[in-house]
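Notes for the one structure printed next.
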Amino acid sequence: MARTRNSKSSSFISLNPSFFIHLFSLPPFNSLHNYSPRKNSRIAQTSPFLSFCFISLLITLTFFAILLITFTTFFQNPLSCTGTSSSSSPLFLASVFAAASSRSGSVQDEQITLSTGAMVPLPAHGVVGNFSEEEEEFWKQPDNQGYMPCLDFSLKYRKASAKISKEKRKFLVVVASGGLNQQRNQIVDAVVIARILEATLVVPVLQVNHIWGDDSEFSDIFDVEHFKKTLIADVRIVASLPSTHFVSKQTINRDLPFHVSPLWLRARFLKQLNQEGLLILKGLDSKLSKNLPPDLQKLKCKVAFHALRFATPIRELGYQIARRMWIEGPYVTIHLRLEKDVWIRTGCLTGLGRQYDSIISRERDSHPEYLTGKLNMTHAQRRLAGMCPLNASEMARFLKGLGAPISARIYVAGGEPFGGTQAMQPLKNEFPNLLTKHTLARNGELTPYLEKSSTLAVIDYIVSLSSDVFINSHGGNMGRALEGHRAYVGHRKYIKPNKRMMLPFFEDSSVSEQEFKRIMKKLHRKSQGQPESRAKKIDRDVIAYPVPECMCKQ
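As numbered in our numbering, residues 77 to 630 make up the sequence shown, in order.
Here it is in structure tokens:
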């Protein structure tokens, strides 16, 4: 993996003293310490002189060799493509760094580099054991085509870093709102905007989440010191705004248009920053353009996949629960999105009967602003258009269509489903080994976090990242974040149900079970987490599609 500015010292060579001790034990250098006045006078006259000349010549050659190696190392690309040896393969990194990330300890005394800073999953299981051919196909990982993380920032970017990383006059404050993954997206964009405006970034403020009642602060969820040190070469980050920049009344800019460019940001805010020294932004979600210069795209990957490491207590707990799933063999994670607010926002039927649907309808009618998408579509039209999450019954049939073994262990990520156990029963009837963070936790491990939705989402994220197969029922920020993160750590299998194409076959009773399986596999053969270029479609986020800006072929 590549290295950051604070790893510059690795460019220089340090030699162990034992090297020189061994050197002087060899002829002709041993004549220096073996020399005695009682020996032949001719030898006594010549040996020290010859040895001195030899040593002088060696030191001179060694000096120039060190200069040459140092010069070459200094000017070679400091963030070159990783994976030049088998020891840096994704599986090797996963086994090493996942174990390291689950250990307690502070990063205060560690040197933060891109390789040690990445948050990686537990290793994927190989396809071994008594699996049928169909089951082997289900667990098999996609071909990553040799793509590895590759954050090769340009020379222009690195030269500008010397000034930007020392900025002490201009400050950017960002207020991030929403759930965990929505906040992560805004934090990523905050770092990029600070870089664009050449301002110091104050550790982002997390707005109290009124929907879930979560008042977690940045330091409750993320490792602040790791965040600051990982980005030390890109943006200066401070824990709080200095007292010199406090003002009694400050404008909060919250009405940014969508898809703003670096040029727009400089034209709009640079003058204010230079005059006042402070800029406060709120409501950044999806406001920054997805089509940024390559260096800024790489910076987004560096923030999302390296700098935003979760805080030690919840990171440890997340990996403990992930290991309880992982130790038993391969497992699937599904993100069902069956929470009450999802049904209200999507305008879809729950599939639980008239009683539950009427509850959703009443709340939707009282809050029409919650409804997303087209308003003039019926429930059936929304579903066939792929605008509804798969319910438990549909997910069960989809898994069977893909060839998932009945004995598969399935981790269900997400909040409490609307309808409780009744909502999950159709899935449990077909796949009895359903588990959640609540069923895997022991001895009250989750008790301190039951009112902290963001912390619970962190646990889901870590377990989902380490799963052999991830299936996302209905888009969303977590799905996009995991799509990119799983790609970045080796293109782990990630399946997005093609709902618009497959749901008509769910309704067709004339389709046999074998034909249904053939259709499901064919529809999803090319959408299982294989490398896919961000440039294939416009306005794709590099966080979801890190190829080609953040990954290159080995």
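No residue lacks a Cβ here, since even glycine has one placed at the ideal position from N, Cα and C. All figures in this text were calculated on a predicted structure; none of them were measured in a lab.
Contact defined as beta carbons within less than 8 Å: I believe H411 pairs with A480. What is the distance between those atoms, to the nearest angstrom? Within the sequence shown, numbered from 1, the residue matching residue 411 stands at position 335. Within the sequence shown, numbered from 1, the residue matching residue 480 stands at position 404. With 8 Å as the limit, H411 and A480 do not qualify as a contact, their Cβ atoms being about 16 Å apart.
Residue from R568, A472, V278 whose Cα sits closest to the Cα of S483: Mapped onto the sequence shown, residue 483 falls at position 407. Comparing Cα-Cα distances from S483 to each of R568, A472, V278, the minimum goes to A472.
Among Q606, L579, P607, whose alpha-carbon lies nearest the alpha-carbon of I595? For the purposes of this step, residue 595 is taken as residue 519 along the sequence shown, with counting starting at 1. Here the closest residue by C-alpha is L579.
Looking only at DSSP bridge pairs, what is F42 linked to? Only positions 77 to 630 of the chain appear in this structure, which leaves residue 42 out of reach.
Roughly how many whole angstroms lie between the Cα atoms of F168 and P197? Taking the sequence shown and counting its residues from 1, one reaches residue 168 at position 92. Taking the sequence shown and counting its residues from 1, one reaches residue 197 at position 121. Low per-residue confidence applies at F168: pLDDT is 40, beneath 50, and the placement is therefore not dependable, though the value from the model is reported in the following sentence. Distance between the alpha carbons of F168 and P197 is about 11 Å.
Contact belief for D631 with R556 at Cβ below 8 Å, rounded distance in angstroms: In the structure as shown, the chain begins at 77 and stops at 630. Residue 631 is therefore absent and cannot be evaluated.
Measuring CB atoms only, is the segment 375–395 touching the segment 302–321, in the sense that at least three cross pairs come out at less than 8 Å? yes
At what residues does the alpha helix (DSSP H) containing T422 begin and finish? Numbered from 1 along the sequence shown, position 346 holds the residue referred to as residue 422. 416–422 is the span of the alpha helix (DSSP H), which, as asked, contains T422.
Cβ pair I436, W419 closer than 9 Å: If you number the sequence shown from 1, residue 436 lands on position 360. If you number the sequence shown from 1, residue 419 lands on position 343. Their beta carbons are under 9 Å apart, which means I436 touches W419 by this criterion.
Tell me whether the segment 347–361 and the segment 245–258 touch, counting them as touching only if at least three CB pairs, one residue from each stretch, are closer than 8 Å. yes
For A343 and S241, which I take to be in contact (beta-carbon distance under 8 Å), what is that distance rounded to the nearest angstrom? As a position in the sequence shown, residue 343 is number 267, starting the count at 1. As a position in the sequence shown, residue 241 is number 165, starting the count at 1. Actually they do not touch by this definition, with Cβ atoms about 24 Å apart.
Would you call H335 buried or exposed, if buried means 16 or more other Cβ atoms sit within 10 Å of its Cβ? Counting from one through the sequence shown, the residue named residue 335 turns up at place 259. When all chains shown are included, H335 counts as exposed.
Among the residues of its own chain, which have a CB less than 7 Å from the CB of P218, if the five just before and after it don't count? In the sequence shown, counting from the first residue as 1, residue 218 sits at position 142. H567, K569, Q604, G605, Q606.
Of the choices H600, G429, V408, whose alpha-carbon is the least far from that of L511? Here residue 511 refers to the residue found at position 435 of the sequence shown. The shortest Cα separation from L511 among H600, G429, V408 belongs to V408.
Which ranges does the beta strand (DSSP E) cover as unbroken runs of at least 3 residues, wholly within the segment 505–588, from first to last along the chain? 545–548, 569–571
If we ignore side chains and look at the alpha-carbon of each, how far apart do S365 and Q498 end up? On the sequence shown, position 289 is the one that residue 365 refers to. On the sequence shown, position 422 is the one that residue 498 refers to. Distance between the alpha carbons of S365 and Q498: 42 Å.
Does F386 pass the burial test, meaning 16 or more other C-beta atoms within 10 Å, or should it be called exposed? Locating residue 386 in the sequence shown gives position 310, where the first residue counts as 1. Counting Cβ neighbours within 10 Å, F386 comes out buried, since at least 16 surround it.
Ordered along the chain, which non-local residues of its own chain (more than five positions away) have a Cβ less than 8 Å from that of F582? The residue labelled residue 582 in the question sits at position 506 within the sequence shown. Hits under 8 Å: E470, R473.
Tell me whether L248 is buried or exposed, calling it buried when 16 or more other Cβ atoms sit within 10 Å of its Cβ. Taking the sequence shown and counting its residues from 1, one reaches residue 248 at position 172. With 16 or more other Cβ atoms within 10 Å, it is buried.
Contact set for E625: own chain, Cβ-Cβ below 8 Å, skip 5 residues either direction: By 1-based counting over the sequence shown, the position of residue 625 is 549. Taken in chain order, the residues that qualify are P370, Q373, K374, C377, R610, V618.
Assuming T426 and D433 are in contact, meaning their beta carbons sit under 8 Å apart, how far apart are those beta carbons, in whole angstroms? Position 350 of the sequence shown, counted from the first residue, corresponds to residue 426. Position 357 of the sequence shown, counted from the first residue, corresponds to residue 433. About 6 Å separates the two Cβ atoms, so the contact holds.
Assign E219 to one of three DSSP states: helix, strand, or coil. For the purposes of this step, residue 219 is identified with residue 143 of the sequence shown, where counting begins at 1. Note that residue 219 is Asp in the sequence shown here, rather than Glu. If DSSP states are grouped into helix, strand and coil, D219 belongs with coil.
Ordered list of beta strand (DSSP E) runs contained in the segment 238–289, each at least 3 residues: 247–252, 276–278
Threshold first: 3 residues or longer. Then list the beta strand (DSSP E) segments lying entirely within the segment 334–382, N to C. 354–358
Secondary structure of A200, DSSP reduced to three states: For the purposes of this step, residue 200 is identified with residue 124 of the sequence shown, where counting begins at 1. In the structure shown, A200 sits in coil (DSSP, three-state: anything other than H, G, I, E or B).
Can you give me the Cβ contacts of L475 inside the same chain, cut-off strictly under 7 Å, excluding the 5 residues immediately before and after it? By 1-based counting over the sequence shown, the position of residue 475 is 399. F507, listed in sequence order.
Sort R260, G423, S230 by Cα distance to F298 and report the nearest one. As a first step, residue 298 must be located in the sequence shown, where it is residue number 222. Measuring from the Cα of F298, the nearest candidate turns out to be R260.
Distance between Q501 and L332 (C-alpha atoms, nearest Å): Residue 332 sits at position 256 when you count from the first residue of the sequence shown. Residue 501 sits at position 425 when you count from the first residue of the sequence shown. Going from the Cα of L332 to the Cα of Q501 covers about 44 Å.
Range covered by the alpha helix (DSSP H) that runs through A468: Residue mapping note: residue 468 aligns to position 392 of the sequence shown, counting from 1. A468 -> alpha helix (DSSP H) spans 468–478.
Just curious, the beta strand (DSSP E) that Y432 is in, first and last residue? For the purposes of this step, residue 432 is taken as the residue at position 356 of the sequence shown. Y432 -> not in any beta strand (DSSP E); alpha helix (DSSP H) instead, spanning 430–442.
Please go through the same chain and pick out, in chain order, the residues whose beta-carbon is closer than 6 Å to the beta-carbon of E26, but skip the five residues on each side of it. This structure leaves residue 26 out entirely; the chain is present only between 77 and 630.
Could you check where the beta strand (DSSP E) with A489 kicks off and where it finishes? Counted from its first residue, the sequence shown places residue 489 at position 413. Note, A489: beta strand (DSSP E), 485–489.
Use the C-beta contact count for E209: other C-beta atoms within 10 angstroms, 16 or more gives buried, fewer gives exposed. Translated into the one-based positions of the sequence shown, residue 209 becomes position 133. Under this definition E209 is an exposed residue.
Would you identify the three-state DSSP class for I410, choosing helix, strand or coil? Locating residue 410 in the sequence shown gives position 334, where the first residue counts as 1. Three-state DSSP puts I410 in a strand.
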